[in-house]
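The sequence shown: position 76 = 109 (this note's numbering), numbered continuously.
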Amino acid sequence: MLNKKFLQRRDKGEIKMATYQTLNESQPNETPNTSTLTRKELLKTWALNYSSETCYNYERLQALGQTSAMVPVIRKLYPNDKARQVQELKKYLNFFNTEPSFCGHVITGVSVAMEEQRANGAQLPPEAITSLRSGLMGPVAGIGDTLQAIVYSILAAIACNLAIQGNIAGPILFEVFYKFIMIFCSLNMFFLGYSKGRTVILDILKKGLMDKLTDAFGLIGLMVVGGMAASRVNIVTPASINLNGVTVVFQDILNTLLPSLIPLLITLGILKMVNRKMKPNTVIAVIFIVGIISSYLGILAVPVTK
Numbered sequence: 034m035l036n037k038k039f040l041q042r043r044d045k046g047e048i049k050m051a052t053y054q055t056l057n058e059s060q061p062n063e064t065p066n067t068s069t070l071t072r073k074e075l076l077k078t079w080a081l082n083y084s085s086e087t088c089y090n091y092e093r094l095q096a097l098g099q100t101s102a103m104v105p106v107i108r109k110l111y112p113n114d115k116a117r118q119v120q121e122l123k124k125y126l127n128f129f130n131t132e133p134s135f136c137g138h139v140i141t142g143v144s145v146a147m148e149e150q151r152a153n154g155a156q157l158p159p160e161a162i163t164s165l166r167s168g169l170m171g172p173v174a175g176i177g178d179t180l181q182a183i184v185y186s187i188l189a190a191i192a193c194n195l196a197i198q199g200n201i202a203g204p205i206l207f208e209v210f211y212k213f214i215m216i217f218c219s220l221n222m223f224f225l226g227y228s229k230g231r232t233v234i235l236d237i238l239k240k241g242l243m244d245k246l247t248d249a250f251g252l253i254g255l256m257v258v259g260g261m262a263a264s265r266v267n268i269v270t271p272a273s274i275n276l277n278g279v280t281v282v283f284q285d286i287l288n289t290l291l292p293s294l295i296p297l298l299i300t301l302g303i304l305k306m307v308n309r310k311m312k313p314n315t316v317i318a319v320i321f322i323v324g325i326i327s328s329y330l331g332i333l334a335v336p337v338t339k
């Protein structure tokens with residue numbers, strides 16, 4: 034498979050890696066990078082990442098699973114430095130959510146490549162890895178979710194047809210083939226991100242584009258979060274006023290000017306509470322109280338879909 038061939042070529046020296054160091058006039062060339070990660074750590078990271086949603090929670094979603102997946106890599110790169118291991122793993126506790134079964138592993142592969150380059154002397158700030166992951170998780174999720182839906186629908190249709198006929202092979206074949214495709218795609222995407230990711234990172238470093246790339250991915254991450262706020266926070270105001278026999282609905286006016294103004298204000302309000310270090314349970318309690326009171330007074334409501 035892709036991972037085995039890649040590692041064999043790397044070990045034979047057919048694929049040459051280089052560690053980027055700060056260049057100056059007296060040292061214009063790069064020094065060769067002796068990769069410190071082996072097939073064992075890479076496969077273990079992939080396997081842990083494959084089951085990352087077993088640590089799923091509704092505050093940071095896949096963050097704990099991602100952190101767990103990076104443990105073998107960080108331990109290998111910093112074997113005798115527990116404090117550094119903790120420091121490096123903390124950045125993976127940030128909010129993270131992408132398609133975890135088909136294409137999402139490419140982000141983990143790139144992250145591993147960046148961590149390896151960083152441990153070998155590359156001038157990569159932690160924010161670069163965090164911004165890259167935040168910027169990629171949305172687009173990769175779009176591709177992965179689409180692929181997953183297509184594969185699932187096709188296999189489910191075949192399996193259901195067999196099951197309707199009383200053939201027990203239907204559900205069995207569905208599970209076998211679906212899991213096989215998931216493992217095949219995730220494994221190859223992981224090693225694609227690892228092999229190609231490090232090459233891209235080196236080119237970016239040599240051209241001095243890391244700061245611009247970090248800003249760009251940070252902007253993409255903000256756009257993704259903003260889009261989620263507009264599409265997922267589904268709140269309107271049913272409030273209206275009667276003017277000379279004509280009922281004016283405030284939401285109709287907002288839809289004309291700023292359709293997602295209320296979701297935006299709610300999101301900013303929650304962000305304000307989080308920035309003030311309020312506990313998640315406290316924030317949830319405030320949302321419940323405000324929601325119940327505003328609904329009772331007819332100020333806010335959830336739109337009814339027909």
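Backbone N, C-alpha and C define an ideal beta-carbon position, used for all residues, glycine too.
Please read these numbers as outputs of a predicted model, since none were measured by experiment.
Margin query: Please report the distance separating the alpha-carbon of SER59 from that of LEU157.
Written below: Only weak support exists for where SER59 lies, its pLDDT of 31 falling under 50; the coordinates are left without a value.
Item checked: PRO65 in three-state terms, based on DSSP -> Low local confidence applies: a pLDDT of 40 at PRO65 is under 50, so the model's placement there is unreliable, with the coordinate-based value given in what follows. Of the three classes helix, strand and coil, the one that applies to PRO65 here is strand, per DSSP.
Margin query: Quick check on DSSP: helix, strand or coil for LEU90?
Written below: First, the amino acid is wrong: residue 90 is Asn here, not Leu. If DSSP states are grouped into helix, strand and coil, ASN90 belongs with the strands.
Margin query: Which residues does DSSP list as the beta-bridge partners of ILE274?
Written below: In the DSSP output, where bridge partners are listed per residue, ILE274 has VAL281.
Next item on the list: Leaving out five residues on either side along the sequence, give the residues of the same chain with a beta carbon under 8 Å from the beta carbon of THR87.
Entry: Cβ neighbours of THR87 within its own chain (closer than 8 Å, five residues either side excluded): GLY98.
Next item on the list: Would you kindly report the start and end of the unbroken alpha helix (DSSP H) that includes TYR83?
Entry: Start and end: 72-83.
Next item on the list: Check whether the stretch 121-136 touches the stretch 169-179, taking contact to mean three or more Cβ pairs, one atom from each stretch, closer than 8 Å.
Entry: Touching, yes, given that three or more Cβ pairs across the two stretches are closer than 8 Å.
Margin query: Can you tell me where the alpha helix (DSSP H) holding TYR329 begins and where it ends?
Written below: In the DSSP assignment, TYR329 falls within the unbroken alpha helix (DSSP H) covering 313-329.
Notebook entry, point to check: What residue does the alpha helix (DSSP H) around ASN308 start on, and which one ends it?
Noted result: Boundaries of the alpha helix (DSSP H) harbouring ASN308: 294-308, taken from the DSSP string.
Notebook entry, point to check: For VAL269, which beta-bridge partners are listed by DSSP?
Noted result: Looking at the DSSP output, VAL269 sits in a beta bridge with ALA334.
Next item on the list: Go through its chain and collect everything with a Cβ distance to ILE299's Cβ below 7 Å, but skip five positions before and after it.
Entry: Correct list, in chain order: VAL266 and ILE268.
Notebook entry, point to check: Can LEU225 and PHE210 be called in contact, C-beta distance under 8 Å?
Noted result: No. Outside cutoff.
Notebook entry, point to check: Hey, out of TYR89, TYR111 and ASN130, whose CA is closest to GLU121's CA?
Noted result: The closest CA to that of GLU121, considering only TYR89, TYR111 and ASN130, is found on TYR111.
Next item on the list: Report, in whole angstroms, the separation of the C-beta atoms of VAL350 and SER293, which I expect to be a contact under 8 Å.
Entry: Past the edges of the chain, shown from 34 to 339, lies residue 350, and the structure says nothing about it.
Notebook entry, point to check: Straight-line CA distance for LYS212 to TYR185?
Noted result: Distance between the alpha carbons of LYS212 and TYR185: 10 Å.
Item checked: Distance between LEU206 and MET222 (C-alpha atoms, nearest Å) -> Straight-line Cα distance between these residues: approximately 24 Å.
Margin query: Checking the sheet assignment: what are the DSSP bridge partners for PHE223?
Written below: In the DSSP output, where bridge partners are listed per residue, PHE223 has none listed.
Margin query: Cutting at 8 Å between CB atoms, please list the residues of its own chain near LEU126, excluding the five before and the five after it.
Written below: Hits under 8 Å: ARG93, ALA96, LEU97 and THR100.
Check: Which word fits ASN82, buried or exposed, when buried means at least 16 other C-beta atoms lie within 10 angstroms of its C-beta?
Finding: Its Cβ being crowded by 16 or more others within 10 Å, ASN82 is buried.
Checklist line | Candidates ILE140, ILE317 and GLN284: closest to ALA334 by CA position | finding: The option with the nearest alpha carbon to ALA334 is GLN284.
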